[in-house]
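Read the structure below first, then the notes.
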Amino acid sequence: MKKKDNLVISKTNKQIFQIAVTAVAEAFGVDEHDILVSRRRPENKARARQMTYWLMRRGTNLSSPEVGALFLQPKNHATILNGENVIEDVFSVGDIPDNPYYKSSMRAAELFNEARRSHIAARNGEFKKKFEEVING
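According to my numbering, the sequence shown is numbered sequentially starting from 50.
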């Protein structure tokens with residue numbers, strides 16, 4: 050199988066990725082840089098990175114290789130899929146004492162959805178303004 054070295058990711062998806070990283074960093078109480086780099090980190094930083102994978106796969110139309118390419122040290126599709134599965138397990142277990150990442154994962158999803166909606170509304174407002182300028186001369 051040939052490796053795709055030249056994945057093209059839109060400016061909008063890159064902006065949404067930044068929204069996801071910011072939301073996860075805030076919800077998990079970690080630095081954004083810890084999410085973007087690929088070093089073995091404490092479990093909470095690994096879960097934060099996996100939550101970012103999950104948000105990008107659920108919140109955009111990006112494939113696993115495209116999500117992996119967004120990180121400073123690119124991740125392969127298997128890493129993205131494994132991270133998604135870990136977060137799915139966090140959600141399926143629910144809010145129990147043995148599941149310390151449930152509340153922060155839910156908070157990250159809420160923050161991401163709020164910020165993404167605001168971003169989309171702002172983009173639509175800009176588009177509408179430019180469209181009216183073109184139509185009205």
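Glycine residues also receive a C-beta, built at the ideal position from the N, C-alpha and C atoms. Quick caveat, the model's predicted, so the values are computed rather than measured.
Would you mind working out which of T71, E75, A76 and R98 sits nearest V86, comparing C-alpha positions? R98
Simplified DSSP assignment, three categories, for V183: helix
Out of curiosity, what's the CA-to-CA distance linking E181 and Q64? 25 Å
According to DSSP, is D80 helix, strand or coil? coil
Give every residue of the same chain whose Cβ lies closer than 6 Å to the Cβ of A69, excluding the five residues on either side of it in the sequence, and list them in chain order. T101, L104, M105 and F161
DSSP on R172, reduced to helix/strand/coil? helix
Could you please give the first and the last residue of the uninterrupted alpha helix (DSSP H) stretch that includes R88? Here R88 belongs to no alpha helix (DSSP H), and DSSP marks it neither H nor E.
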